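Protein chains in written order, with my numbering: chain A, 208 to 456; chain B, 138 to 486.
Read through the structure below, which is laid out as structure tokens, and then see the notes.
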Ligand SMILES: Cc1ncc(C[n+]2csc(CCOP(=O)(O)OP(=O)(O)O)c2C)c(N)n1
């Protein structure tokens with residue numbers, strides 16, 4: 208009998224403890240599958256951020272470094288420059304990457320660091336209980352925007368992929384989602400491409416992944432998917448914003 | 138022993154680091170320590186190490202955090218305002234038990250202060266600085282020979298204890314030039330870094346972290362740290378005493394202040410005044426036992442610092458009321474002269 212589905216070796220044999228309907232477990236799995244496919248598990252070092260994904264080391268079955276809030280791109284730079292032949296990735300939420308760690312991500316991209324960044328945009332601060340993130344939509348209710356995010360006091364949703372794609376040092380910037388089977392496949396393709404670029408020394412890449420947070424959004428998992436598709440995708444369109452090495456023809 | 142070398146204090150630290158096999162440096166410009174990143178920018182290229190001018194002190198020390206996790210000998214340097222920014226990561230380094238060498242070439246504060254030499258970051262360096270119960274091993278060189286020797290030692294001790302180590306210098310000593318002997322580096326027998334994150338080939342995956350949420354877990358981690366600091370207190374204390382045996386007054390001073398005080402002590406001695414100098418070389422662990430013993434012999438102490446009175450708190454704790462402890466200091470990047478110290482001692486003698 209042919210085995211067509213199994214747990215990736217890059218995931219430990221433990222159940223995920225994320226909230227029901229959360230996108231983090233899907234994204235962990237996709238990363239693990241890509242690492243298995245590329246056969247790089249034994250030379251990967253991943254970075255766990257401060258946020259809901261801080262427990263990444265409980266799930267990933269390879270070396271993990273936990274890093275202070277927002278600083279993963281700097282620590283990834285240190286890891287990669289010290290060990291250029293290892294595969295280094297950071298996994299970061301929108302608070303981590305787009306608020307407190309804005310300087311670190313911009314400059315890692317600008318230096319063209321040969322690393323992969325997986326950026327989980329769930330439009331909220333999951334771990335601290337659903338406060339406003341830089342990526343929170345206008346009008347979106349959070350625990351610190353109880354009557355909805357307003358431009359006057361909180362500005363606009365930050366478009367990280369669009370922003371980073373203007374940076375010369377960045378090689379591959381793409382936004383995907385985990386709302387459907389098709390988009391899961393696309394996300395997996397983007398993650399794998401990002402790793403492949405790193406293995407080929409092609410420099411900095413970032414995969415922004417729109418991901419549901421039903422508990423903090425206050426929806427059922429099913430309604431969260433609807434909201435993600437309807438509201439989030441209209442503000443954060445999916446697509447490839449930059450690909451320096453895109454094969455044409 | 139090799140020829141005498143002639144370099145600026147800051148360059149001595151940088152070359153000593155290279156000598157001690159440091160192959161990763163990240164920093165951000167700030168006066169009066171700019172010679173360190175500048176020197177590293179070409180020396181690291183020569184030795185095929187890594188030099189990065191980071192976007193901030195936060196980024197620089199987190200790069201060091203990453204490199205250290207990979208097992209590299211890594212260093213960052215800055216001056217007071219930049220060291221304040223590094224405190225977050227210093228706490229993480231201590232919590233994750235990652236070795237690193239952090240150089241603070243202190244300048245006047247608070248705030249932007251000035252660019253003169255100062256010793257106003259003593260308490261920040263020895264009492265923790267960042268959040269949580271942790272300690273750095275802190276060395277206070279007072280001449281370029283010690284800049285050289287203690288920097289090399291700092292890398293060994295960082296690895297030995299898996300703990301960040303600080304070199305606490307100041308703007309005067311960083312800018313100073315004087316000859317010194319570049320004693321060769323002899324690497325001690327240190328255990329393999331069997332904790333470094335190099336990819337899990339042929340072994341179980343490893344994790345380096347400082348988050349411990351389980352029942353009692355973090356307390357147990359802290360107990361391990363405290364035991365480590367206790368060991369440092371037992372075996373890492375370094376100090377120098379000059380003419381203390383028959384002295385009636387002992388000056389306690391570290392770093393550049395001790396250097397200035399030393400010439401005053403020599404002059405006072407020539408005049409027959411029984412004055413000695415006690416110079417802590419490690420600020421943590423502090424040489425409290427020796428001070429306590431010296432205090433039993435009924436003499437007075439005067440702590441002299443280029444700040445408004447910081448180490449004097451540790452001196453008083455060590456002496457614990459057994460003797461009088463006076464203080465003379467100049468805050469805000471003011472630098473006293475040997476004459477000033479001489480006059481001060483004469484008025485209290
Ligand atoms: C310096 C610092 N500030 C604040 C926090 C508290 N904190 C923990 S997680 C988090 C935000 C997490 O949100 P995000 O990065 O979007 O990730 P998510 O939890 O949504 O996956 C914050 C503010 C912290 N740990 N450290």
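Don't be surprised by glycine CBs; every beta carbon is placed ideally from N, CA and C.
Please read these numbers as outputs of a predicted model, since none were measured by experiment.
Chain B residues whose Cβ lies nearer than 9 Å to that of residue i
i                      : result
residue 403 of chain A : The contacting residues do not exist; residue 403 of chain A stays about 17 Å from chain B at best.
residue 298 of chain A : By Cβ distance, chain B contributes nothing, its closest Cβ being about 14 Å from residue 298 of chain A, past 9 Å.
residue 244 of chain A : Within 9 Å Cβ-Cβ: nothing; residue 244 of chain A doesn't reach chain B, min ~17 Å.
residue 260 of chain A : Per Cβ cutoff of 9 Å: no residues; residue 260 of chain A is ~12 Å from chain B at best.
residue 224 of chain A : Per Cβ cutoff of 9 Å: no residues; residue 224 of chain A is ~12 Å from chain B at best.
Contact test: residue i Cβ vs ligand 1 heavy atom, cutoff 6 Å
i                      : result
residue 332 of chain A : yes
residue 259 of chain A : yes
residue 427 of chain A : no
residue 301 of chain A : yes
residue 343 of chain A : no
residue 383 of chain A : no
residue 329 of chain A : yes
residue 283 of chain A : no
residue 276 of chain A : yes
residue 310 of chain A : no
residue 335 of chain A : yes
residue 154 of chain B : no
residue 340 of chain A : yes
Collapsed DSSP secondary structure at residue i in the structure displayed
i                      : result
residue 338 of chain A : strand
residue 349 of chain A : strand
residue 138 of chain B : Because the pLDDT at residue 138 of chain B is just 48, under 50, the model does not fix this residue reliably, and the value given afterwards should be weighed accordingly. Three-state result, residue 138 of chain B: coil.
residue 439 of chain A : helix
residue 563 of chain B : As shown, chain B starts at 138 and ends at 486. That puts residue 563 of chain B outside it, with no answer to give.
residue 328 of chain A : strand
residue 241 of chain B : strand
residue 472 of chain B : coil
residue 307 of chain B : strand
residue 179 of chain B : helix
residue 145 of chain B : strand
residue 184 of chain B : coil
residue 269 of chain A : coil
residue 440 of chain B : strand
residue 391 of chain A : helix
residue 406 of chain A : helix
residue 225 of chain B : helix
residue 418 of chain B : coil
residue 313 of chain B : coil
residue 151 of chain B : helix
Under 7 Å by beta carbon: chain B residues contacting residue i
i                      : result
residue 358 of chain A : Within 7 Å Cβ-Cβ: nothing; residue 358 of chain A doesn't reach chain B, min ~29 Å.
residue 249 of chain A : 336, 337, 338
residue 264 of chain A : 344, 346
residue 252 of chain A : 334, 336
residue 436 of chain A : None at all; the shortest Cβ gap to chain B is about 34 Å.
Interface partners of residue i on chain D, CB under 9 Å
i                      : result
residue 284 of chain A : In the structure shown, chain D cannot be found, because the protein chains are A and B.
Beta-carbon neighbours of residue i, restricted to chain A and to distances below 7 Å
i                      : result
residue 347 of chain B : 273
residue 229 of chain B : 275
Neighbour list for residue i in chain B, Cβ cutoff strictly below 8 Å
i                      : result
residue 269 of chain A : 336, 337, 342
residue 239 of chain A : Residues of chain B passing the Cβ test: none, with the nearest at roughly 12 Å.
residue 278 of chain A : 195, 196, 199, 202, 226
Residue i Cβ short of 6 Å to ligand 2 heavy atom set
i                      : result
residue 411 of chain B : Ligand 2 is absent from the structure shown, which contains only ligand 1.
Beta carbons nearer than 8 Å to chain A: which residues of the stretch 175-192 of chain B have them? If the cut-off is 8 Å between Cβ atoms, the stretch 175-192 of chain B has 187, 189, 191, 192 near chain A.
Quick check for students: name the residue ranges of the alpha helix (DSSP H) that lie wholly in the stretch 276-311 of chain A, counting only runs of 4 or more. Assignment of alpha helix (DSSP H) within the stretch 276-311 of chain A, counting only whole runs of 4 or more residues, yields 279-289 in chain order.
What are the start and end residues of each continuous alpha helix (DSSP H) run of 4 or more residues lying completely inside the stretch 260-305 of chain B, in chain order? 281-298
Which residues, in order along the stretch 290-320 of chain A, keep a beta-carbon less than 7 Å from a beta-carbon of chain B? 290, 293, 310, 311, 314
Residues, ordered as in the chain, of the stretch 206-225 of chain B that lie near chain A by beta-carbon distance below 9 Å: 206, 207, 208, 209, 211, 225
Entirely within the stretch 365-389 of chain A and at least 3 residues each: give me those beta strand (DSSP E) ranges in chain order. Within the stretch 365-389 of chain A, the complete beta strand (DSSP E) runs of at least 3 residues are 377-384.
Near-chain B residues of the stretch 368-381 of chain A - C-beta to any C-beta below 7 Å: none
Proximal residues, the stretch 325-358 of chain A versus chain B, C-beta separation under 9 Å: none
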